[in-house]
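Per the numbering used here, residue 1046 is the first one in the sequence shown, and the count goes up by one each step.
C-beta atoms are modelled at their ideal positions from N, C-alpha and C, and glycine is treated no differently.
Data first, discussion second: the structure below is written as structure tokens.
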Amino acid sequence: MNNIKVLRQERGWTQAELGQRLKVKDSAISKYENGSLQLSGDLLVQLADIFGVSTDYILGRTKYRTYEGTSFEVPKIIDLLSRGDMEMISNWAELSPENQARIADYAKILQKAEAADKNKK
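As structure tokens, then:
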């Protein structure tokens, strides 16, 4: 299951970080990566969704990450985000819709302030 390790490392995630996303211990991630613990079907699908690859790629049954004609755009966007960005998004997602709207309003205020500062220079 080295593909799990490769995909995890490409994103700069630790075993603990991937474990949090899957709701499993980092020791389980280690066992999945070295092949000493078999993935359940549900976990296999979760991994494929998280990394935007086929389940066959996760299992090492193919060298191709996706099937022809299949598009996985979300992982490409996720790849561009830093850990800090991911944490901020995660925190935002846990807020009520009202507080999410407040943050959006505050961000607009900050953008206007930055634009005004740039115009002064």
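Residue 1166 and residue 1103 have their C-alpha atoms spaced approximately 52 Å apart. Of the candidates 1080, 1135 and 1128, 1128 places its Cα closest to the Cα of residue 1059.
When DSSP states are grouped into helix, strand and coil, residue 1069 belongs to the coil group.
The region 1126 to 1144 and the region 1070 to 1090 do not touch, with fewer than 3 CB-CB distances between them shorter than 8 Å. Taking C-beta atoms as the reference points, residue 1067 and residue 1053 fail to come closer than 7 Å.
Within the same chain, 1145 and 1148 come within 8 Å of residue 1137 by CB-CB distance, once the 5 residues on both sides are set aside. Around the beta carbon of residue 1079, fewer than 16 other beta carbons lie within 10 angstroms, which makes this residue exposed.
For residue 1051, the enclosing alpha helix (DSSP H) has its first and last residue at 1047 to 1055.
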